[in-house]
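Residue numbers (my numbering): 4 to 413. Even for Gly, the Cβ is constructed at its ideal location relative to N, Cα and C. All values reported here derive from a predicted model rather than from experimental measurement.
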């Protein structure tokens, strides 16, 4: 073993002491945030007007209030006996310049879970290999890192759109039943393509247009779409409270330090009862305001306590607060919103704190170490069969050699 753990003993002790000291500071910040949430609960309309009307205000990254009071609590609605929950999650293998050949792989796992039907969930896994010049490069740039992440996001949302369209209750297959569609399609992560913010405008627009087209397809089926984010780190509501505390002055909010800067929103809403959701907010990110909103998909979000424990059992237990995102056409439709809220909580209660279908979708998408090695062997075999001579780079060769040796010695 080359990691000498004994040399980390002092650092580990210091880390424990630092985190213990930070706990009280964290508790004080949570108390301050909740006090502000109650104090400014009725100022949503004024704050919304300021954020929407002043373009530079977007730089403060504050959540945009809706018509609900900031401290609103919406308890778990009635959950239908029968509804369909479709989940998709993906993973990828990055192109490796030290490998035998340049390629990438995206795998999307999906589950169709029909609650109340008695049917077994339908599980699928779809891998896609990219190896041509056209697939591997965009504008002369190798599709890796964030660019490949975006491709995976597009593959996930396209998978959801395809499955929603194929559902028996889809208006494409049953035009007389579209008003009674009870299908919720969910991805793990976010509906906002954050990683595109640093891309050139042309490439960004093309990707967003393709993503929004898939949201259109899902809406056309009558289904509702959402994203589930476990242990979210976003602090948009914390930034909104800072803005409220400086009297709605955007310039002050940007220039003055925010005491809640490192406080995640989920901590603010830790008081939500099990199954309940917070007020709705809209995202002020430029991508949302410039692209999603004009297309009718303005992304809204709320926080939901997906913990299945009884409130009395939570005194010494941190509530499990998730962030749930959905387009405006879901947020502004009471029936759709209630269905998404109830369906996500119902799914989370199967496992205790996380939607079961997303767990299974991740399992189906996951690529294990042995599977990666088997894929690499298939690649080498395909190259040899085609008469192509290639080899690993020296760096990759010796890394593989030494790491295999360590496994053998163990």
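If you check the CB distance, residue 168 and residue 212 do not come in under 8 Å. Residue 249 sits away from residue 241, with the two beta carbons spaced by 8 Å or more. Remark: C-beta atoms of residue 189 and residue 231 approach each other more closely than 8 Å. Around the C-beta of residue 101, fewer than 16 other C-beta atoms lie within 10 Å, and the residue is accordingly described as exposed. When beta bridges are read from the DSSP output, residue 145 appears opposite 140. In the DSSP secondary-structure assignment, residue 284 is bridged to 68 and 304. In the DSSP assignment, residue 328 falls within the beta strand (DSSP E) that extends over 324–330. When 322, 369, 264 and 347 are compared, the shortest CA-CA separation from residue 36 is found for 264.
Residue 193 and residue 335 have their C-alpha atoms roughly 19 Å apart.
Excluding residues up to 5 positions away in sequence, 251 lie with their Cβ nearer than 8 Å to the Cβ of residue 49 in the same chain. Judged by beta-carbon spacing, residue 87 lies within the 8 Å limit of residue 115, meaning their Cβ atoms are closer than that value.
Here residue 356 has 309, 310, 311 and 323 as same chain residues with Cβ atoms under 8 Å from its own Cβ, once five neighbours each way along the sequence are excluded. Rounded to whole angstroms, the Cβ separation of residue 110 and residue 347 is 24 Å, and the two are not in contact under 8 Å. Contact annotation: residue 299 and residue 332 have beta-carbon atoms nearer than 8 Å.
Leaving aside the five residues that flank residue 247 on each side, the residues in its chain whose CB is nearer than 7 Å to its CB run, in chain order, 39, 43, 46 and 50. As the crow flies, the alpha-carbon of residue 330 is around 20 Å from that of residue 75. Under DSSP, residue 130 forms a beta bridge with 110. For residue 232, the enclosing beta strand (DSSP E) covers residues 227–232. Close CB contacts of residue 383 within its chain, under the 7 Å cut and outside five residues either way in sequence, are with 103 (chain order). One Cα belongs to residue 55, the other to residue 67, and the distance between them is close to 8 Å. The Cβ neighbour count for residue 70, taken over all protein chains shown within 10 Å, is under 16; the residue is labelled exposed. Straight across, the Cα-Cα distance linking residue 219 with residue 24 is about 49 Å. Within 10 angstroms of the beta-carbon of residue 245 lie 16 or more other beta-carbons, which makes it buried. In this structure, 152 is the residue among 152, 79 and 17 with its C-alpha nearest to the C-alpha of residue 108. Scanning its chain for C-beta atoms nearer than 6 Å, with the 5 sequence neighbours on each side dropped, one finds around residue 83 the residues 185, in chain order.
Cβ contact annotation for residue 162 (same chain, cutoff 6 Å, sequence separation greater than five): 91, 111 and 113, in chain order.
With a contact defined as Cβ atoms closer than 8 Å, residue 96 and residue 166 miss out at about 24 Å. The C-beta distance from residue 158 to residue 131 rounds to 7 Å, short enough to fall under 8 Å. Using a 10 angstroms sphere on the CB of residue 195, the tally of other CB atoms reaches 16 or more, which defines it as buried. For residue 224, there is no enclosing alpha helix (DSSP H), as DSSP marks it with neither H nor E.
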